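Here is the structure we will look at, set down as structure tokens.
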Amino acid sequence: MTTDELIAALARSSDKAGPKRLYRRIEIALVLGFLVGLVLLKVTMGFRPDIGVAAPMVALKAGFSALIATFAGGLALRLARPLGDRGQLIVRLWLPLIILALAALAIGAVTLLTMAPGERFAAFMGNGFPWCIFLIPLFGLPTALLLVWALREAAPTRLTLAGAAVGALSGGMGAMVYAMFCSVDSVTFVTIWYVVGIGLAAALGAILGTRLLRW
Numbered sequence: 489m490t491t492d493e494l495i496a497a498l499a500r501s502s503d504k505a506g507p508k509r510l511y512r513r514i515e516i517a518l519v520l521g522f523l524v525g526l527v528l529l530k531v532t533m534g535f536r537p538d539i540g541v542a543a544p545m546v547a548l549k550a551g552f553s554a555l556i557a558t559f560a561g562g563l564a565l566r567l568a569r570p571l572g573d574r575g576q577l578i579v580r581l582w583l584p585l586i587i588l589a590l591a592a593l594a595i596g597a598v599t600l601l602t603m604a605p606g607e608r609f610a611a612f613m614g615n616g617f618p619w620c621i622f623l624i625p626l627f628g629l630p631t632a633l634l635l636v637w638a639l640r641e642a643a644p645t646r647l648t649l650a651g652a653a654v655g656a657l658s659g660g661m662g663a664m665v666y667a668m669f670c671s672v673d674s675v676t677f678v679t680i681w682y683v684v685g686i687g688l689a690a691a692l693g694a695i696l697g698t699r700l701l702r703w
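All you need for my numbering is the position in the sequence shown, starting with 1, plus 488.
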């Protein structure tokens, strides 16, 4: 390869992995992932029957999930780029998301304690076992797969952490989808079990990120 050919190849590579291209791919991944998740919900479980009447509560649950997804999205964008050995920066990047999750769990616990003893179990467990902890990662799976496609070009170096961020982001998107089905509107249920479901998605992302995000 001549010098001119090398320069041309590097220029093409830079354009290919440029910020605008990366942002565009992530936007596509989020929009398509959310739409596919909605279709998956529609054909498997359906929307809650009273979704029209319950629209304000559905919006609140979806908004809470979107807030977590927003924090996780900023983290995923930063971890998509090479970081090197910068431990303090990584801690600072994760801190807002961790604080948000802990705050949500604390709100759920405090709300539960303020209830009458006879109401606590129903508020905490909803209609039975909180299947949302598994369904949230499931409905976020289309977003996760598309985000892997989007981020592979960006050359992340902290694959486990980047995978966890992708998992948290896709989990937040999955929780937004699941909110369209979930008939439990208890603050305690949402702030605790939705966070657990998103956390499970982040854990799965951390485990799989080493393989899937390798470039």
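Ideal Cβ positions, reconstructed from N, Cα and C, are used throughout, including at glycine. Keep in mind it's a predicted model, so treat the numbers as computed, not measured.
Residue i vs residue j beta-carbon contact at 9 Å
i	j	result
residue 510	residue 639	yes
residue 621	residue 685	yes
residue 520	residue 630	yes
residue 570	residue 676	no
residue 683	residue 560	no
residue 585	residue 656	yes
residue 597	residue 648	no
residue 697	residue 628	no
residue 539	residue 546	yes
residue 673	residue 564	no
Secondary structure of residue i, DSSP reduced to three states
i	result
residue 534	coil
residue 509	helix
residue 582	helix
residue 661	helix
residue 701	coil
residue 670	coil
residue 603	coil
Candidates the options, of which the one nearest residue i by Cα
i	options	result
residue 566	624, 652, 692 and 587	652
residue 665	617, 551 and 611	551
residue 515	632, 604 and 586	632
residue 650	604, 584, 535 and 562	562
residue 462	517, 695, 678 and 512	In the structure as shown, the chain starts at 489 and stops at 703, and residue 462 therefore has no counterpart that could be examined.
residue 702	641, 610 and 595	641
residue 625	691, 673, 606 and 589	691
heavy atom of the ligand MN below 8 Å from residue i C-beta
i	result
residue 508	For the ligand MN, the structure offers nothing, since it holds no ligand at all.
### Task
Check whether the stretch 669-676 touches the stretch 552-566, taking contact to mean three or more Cβ pairs, one atom from each stretch, closer than 8 Å.
The stretch 669-676 is not in contact with the stretch 552-566.
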